[in-house]
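Asker:
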Amino acid sequence: MPVIHLTDQPLDYTAITESVRDPAAGAVVLFLGTVREFTAGQQTEHLEYEAYREMAESSLKQLADEASARFPIVKTAIVHRLGVLQLSDVAVAIAVSTPHRAQAFTAGQWLIDTLKQRVPIWKREHYTDGRVLWQHPVAVADSAAGQSEAT
Amino acid sequence: MPVIHLTDQPLDYTAITESVRDPAAGAVVLFLGTVREFTAGQQTEHLEYEAYREMAESSLKQLADEASARFPIVKTAIVHRLGVLQLSDVAVAIAVSTPHRAQAFTAGQWLIDTLKQRVPIWKREHYTDGRVLWQHPVAVADSAAGQSEAT
Amino acid sequence: MTGSGTVTVLFFAAARDAAGTAQLQLPVPEKVTLAQIQQQVLRHAGGLQPLQSLLLWAVNNQYALPATTVQPGDTVACFPPVSGG
Amino acid sequence: MTGSGTVTVLFFAAARDAAGTAQLQLPVPEKVTLAQIQQQVLRHAGGLQPLQSLLLWAVNNQYALPATTVQPGDTVACFPPVSGG
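Chains as they are written, first to last, in the numbering used here: chain A, -5 to 145; chain B, -5 to 145; chain C, 2 to 86; chain D, 2 to 86.
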């Protein structure tokens, strides 16, 4: 069974990477989305992720299945962290193994790009100036300045 | 100082990944080249990597410098293992962190593609049928069947 | 998810803040469309109206179109564009 | 790398196998070109001749062209296309 879940704990990306290693694979790509301090000149103090857990988990599984249909994937793993994260913490880890290397980069990038479009998880930035903003591809709610390409 | 070296020991890719994490980065991509069992229908029993160590080390450093000039890299790490490797062992680990995710995939792929073109390291496959072949983009030496895109 | 005769509507992130609640129970006849649920939701939670054009909707954990059928016991979710990763 | 008056030539991988040695010391005058070294190497290690068109050459850890100057004390390396990674 592929490792696919949400967690409130710090991500163990080594375990995630180990879970996709396989003698049929010549390449592993691990992607980590990490909490960046500055985005468009705004300084993040920390952030929070919230999910619609039930749908997010089924959505991550669908993502892995669809990736396996599109790319010659040997194994995939996807784990997203929820709750409060500090600077440089890992928010998401995606690992994929494939026979050849170009496929691993393509599949890894497709997985994170598609995760960001589909999986019902939301990020709320807490800035050092005290503002707290939900981040969306189009800024909504509290005020201006949502950020579309956060990582 | 970036983590860039050759080693005869199993690769600690977690340490390599940790070395590139940074609050200025929103993305980390780790590439692992692993020993694949089957290549073009031939079954590998184990393999060996040999390097021109002095040139390979300076070549890896040049690669990291050139990548930093080409891409908005926060930190890079490259470690290549030498000697005898078994199936699914990690031969090379490349980690790169960048502000945004697309850059991390592009830089990671450029680094492994360019490493494979330039860095003086050679792989010798030991097949299950007893044959031992140096692998080169064009097959040379012992007999036929070199493999150009090994991972 | 809940007893027949009602549909559960869940709100997340900025949609929850705007709705002022995480959850509504809407009484429904045997079958309705998601479009009808959406109208009821926007009536009950007027704070969502400024976000209306942005909102995404799911029925039983799948993204759904206005024509999707919704039955008692189903779970509808309403949320803004996602921003995970 | 070695005493003046000679250039060290290193062979790797299939080039070492074909040359039958990992290393040669070639006596050289004060300055020669890599092209002249290459001719000497192929004379001394005739086993390399079938690989000649594939071979890569470096001087002091940098890939080098036939016109590159080589001096006593320099290290030349000769090897087949690389296959790391």
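Glycine included, C-beta positions come from ideal geometry on N, C-alpha and C.
Buried or exposed for Arg47(A), going by 16 or more other Cβ atoms inside 10 Å?
Answerer: The sequence position of residue 47(A) within the first sequence is 53, counting from 1. Counting Cβ neighbours within 10 Å, Arg47(A) comes out exposed, since fewer than 16 surround it.
Asker: Check the Cβ of Leu127(A) against every Cβ in chain E and list those closer than 8 Å, keeping chain order.
Answerer: Annotation note: the requested chain E is absent from the structure, which comprises protein chains A, B, C and D.
Asker: Name the one or two DSSP bridge partners that Lys69(B) has.
Answerer: As a first step, residue 69(B) must be located in the second sequence, where it is residue number 75. DSSP, once it has assigned bridges, lists Ser91(B) as partnering Lys69(B).
Asker: First and last residue of the alpha helix (DSSP H) that includes Arg17(D)?
Answerer: As a working mapping, residue 17(D) is identified with position 16 in the fourth sequence. Run containing Arg17(D): Ala14 to Ala20, per the alpha helix (DSSP H) assignment.
Asker: Output needed for Glu143(B): all residues of its chain with C-beta closer than 6 Å, excluding positions within five of it in sequence on either side, in chain order.
Answerer: By one-based count along the second sequence, residue 143(B) stands at place 149. Here the model assigns Glu143(B) a pLDDT of 43, short of 50, so the residue's position is not dependable, and the following value carries that caveat. Around Glu143(B): no qualifying Cβ.
Asker: Going along the chain, which residues of the stretch 3 to 33 of chain A sit with their C-beta nearer than 9 Å to a C-beta in chain B?
Answerer: Cβ contacts with chain B: Tyr7, Thr8, Thr11, Arg15, Asp16, Pro17, Ala18, Ala19, Gly20, Ala21, Val22, Val23, Leu24, Phe25, Leu26, Gly27, Thr28, Val29, Arg30, Glu31, Phe32 and Thr33.
Asker: Looking at the unbroken alpha helix (DSSP H) that takes in Leu35(D), where does it start and where does it end?
Answerer: As a first step, residue 35(D) is located in the fourth sequence; it is residue number 34 there, counting from the start. It spans Leu35 to His45 - the alpha helix (DSSP H) in which Leu35(D) sits, taken as one unbroken run.
Asker: Got a sec, what are the start and stop residues for the alpha helix (DSSP H) Lys32(C) sits in?
Answerer: Within the third sequence, numbered from 1, the residue matching residue 32(C) stands at position 31. For Lys32(C), no alpha helix (DSSP H) run applies, since DSSP gives it neither H nor E.
Asker: Can you name the start and end residues of the alpha helix (DSSP H) that Ala61(A) belongs to?
Answerer: Along the first sequence, read from residue 1 onward, the residue named residue 61(A) stands at position 67. Residues Arg47 to Arg64.
Asker: If we define contact as Cβ-Cβ less than 8 Å, is Leu81(A) a contact residue for chain B?
Answerer: In the first sequence, residue 81(A) corresponds to position 87, counting from 1. Yes, because at least one Cβ of chain B sits closer than 8 Å to the Cβ of Leu81(A).
Asker: In chain B, which residues lie less than 7 Å from Gln36(A) when you measure between Cβ atoms?
Answerer: As a first step, residue 36(A) is located in the first sequence; it is residue number 42 there, counting from the start. The contacting residues do not exist; Gln36(A) stays about 13 Å from chain B at best.
Asker: Distance cutoff 8 Å, beta carbons only. Does Arg95(A) sit that close to anything in chain B?
Answerer: Within the first sequence, the letter at position 101 stands for residue 95(A). Cβ-Cβ to chain B under 8 Å: yes for Arg95(A).
Asker: Below 9 Å between beta carbons is the criterion; list the residues of the stretch 103 to 114 of chain B that meet it against any residue of chain A, in chain order.
Answerer: Residues passing the 9 Å Cβ filter: Gln103, Ile106, Asp107 and Lys110.
Asker: Run down chain D in chain order and give the residues with a C-beta less than 9 Å from the C-beta of Lys55(B).
Answerer: In the second sequence, residue 55(B) corresponds to position 61, counting from 1. Chain D residues near Lys55(B): none, gap ~11 Å exceeds 9 Å.
Asker: In terms of alpha-carbon separation, which member of Val71(D), Asp75(D), Leu52(D) and Asn62(D) lies closest to Ala16(D)?
Answerer: Residue mapping note: residue 16(D) aligns to position 15 of the fourth sequence, counting from 1. Considering only alpha carbons, the answer is Leu52(D).
Asker: Pull up the distance between the alpha-carbon of Thr34(C) and that of Gln24(C), whole angstroms please.
Answerer: Along the third sequence, read from residue 1 onward, the residue named residue 34(C) stands at position 33. Along the third sequence, read from residue 1 onward, the residue named residue 24(C) stands at position 23. Cα to Cα, Thr34(C) sits roughly 19 Å from Gln24(C).
Asker: Residues of chain A with CB under 9 Å from Leu25(C), in chain order?
Answerer: Position 24 of the third sequence, counted from the start, is the residue given in the question as residue 25(C). Those do not exist, as Leu25(C) stays about 15 Å from chain A at its closest Cβ, beyond 9 Å.
Asker: Short of 7 Å Cβ to Cβ, which residues in the stretch 60 to 78 of chain A face chain C?
Answerer: His74
Asker: Could you run through the stretch 56 to 83 of chain C and flag, in chain order, every residue whose CB is less than 7 Å away from some CB of chain A?
Answerer: Ala59, Asn62, Ala78, Phe80, Pro81, Pro82 and Val83
Asker: Using 8 Å as the limit for Cβ to Cβ distance, is Met(-5)(A) near chain C?
Answerer: On the first sequence, position 1 is the one that residue -5(A) refers to. No, Met(-5)(A) lies away from the interface with chain C (no Cβ there is under 8 Å from its Cβ).
Asker: Locate the beta strand (DSSP E) running through Glu12(A), then write down its first and last residues.
Answerer: Numbered from 1 along the first sequence, position 18 holds the residue referred to as residue 12(A). Run containing Glu12(A): none in the beta strand (DSSP E); it sits in the alpha helix (DSSP H), Tyr7 to Glu12.
Asker: Quick one: what's got a C-beta closer than 7 Å to Ala19(A)'s C-beta in the same chain, skipping five residues either side?
Answerer: Taking the first residue of the first sequence as 1, we reach residue 19(A) at position 25. So the list reads Val68, Ser91, Thr92 and Pro93, once near-sequence residues are dropped.
Asker: Starting from Glu119(B) and walking both ways along the beta strand (DSSP E), at which residues does that stretch end?
Answerer: One-based indexing of the second sequence puts residue 119(B) at position 125. Counting along the chain, the beta strand (DSSP E) containing Glu119(B) begins and ends at Ile115 to Tyr121.
Asker: Using 8 Å for Cβ pairs, my map puts Arg75(A) next to Thr1(A). What's the rounded Cβ distance?
Answerer: Position 81 of the first sequence, counting from 1, holds the residue named residue 75(A). Position 7 of the first sequence, counting from 1, holds the residue named residue 1(A). A Cβ-Cβ separation of about 6 Å places Arg75(A) in contact with Thr1(A) under the 8 Å criterion.
Asker: Quick one: give me the first and last residue of the beta strand (DSSP E) that Ala65(D) is part of.
Answerer: Taking the first residue of the fourth sequence as position 1, residue 65(D) is located at position 64. Here Ala65(D) belongs to no beta strand (DSSP E), and DSSP marks it neither H nor E.
Asker: Following the continuous beta strand (DSSP E) through Val60(D), name the residue where it begins and the one where it ends.
Answerer: Your numbering for residue 60(D) matches position 59 in the fourth sequence. Taken as a continuous stretch (DSSP letters only), the beta strand (DSSP E) holding Val60(D) covers Leu57 to Val60.
Asker: Tell me Glu42(A)'s beta-bridge partners as DSSP assigns them.
Answerer: Residue 42(A) sits at position 48 when you count from the first residue of the first sequence. Glu42(A) pairs with Val78(A) and Arg118(A).
Asker: Just the C-alpha distance for Gln147(A) and Ser84(C), rounded to the nearest angstrom, thanks.
Answerer: Any question about residue 147(A) goes unanswered here, given that chain A covers just -5 to 145.
Asker: Have a look at Gln97(A) and Leu57(A) and give me their C-alpha separation to the nearest angstrom.
Answerer: The residue given as residue 97(A) occupies position 103 in the first sequence. The residue given as residue 57(A) occupies position 63 in the first sequence. Answer to the nearest angstrom: the Cα atoms are 16 Å apart.
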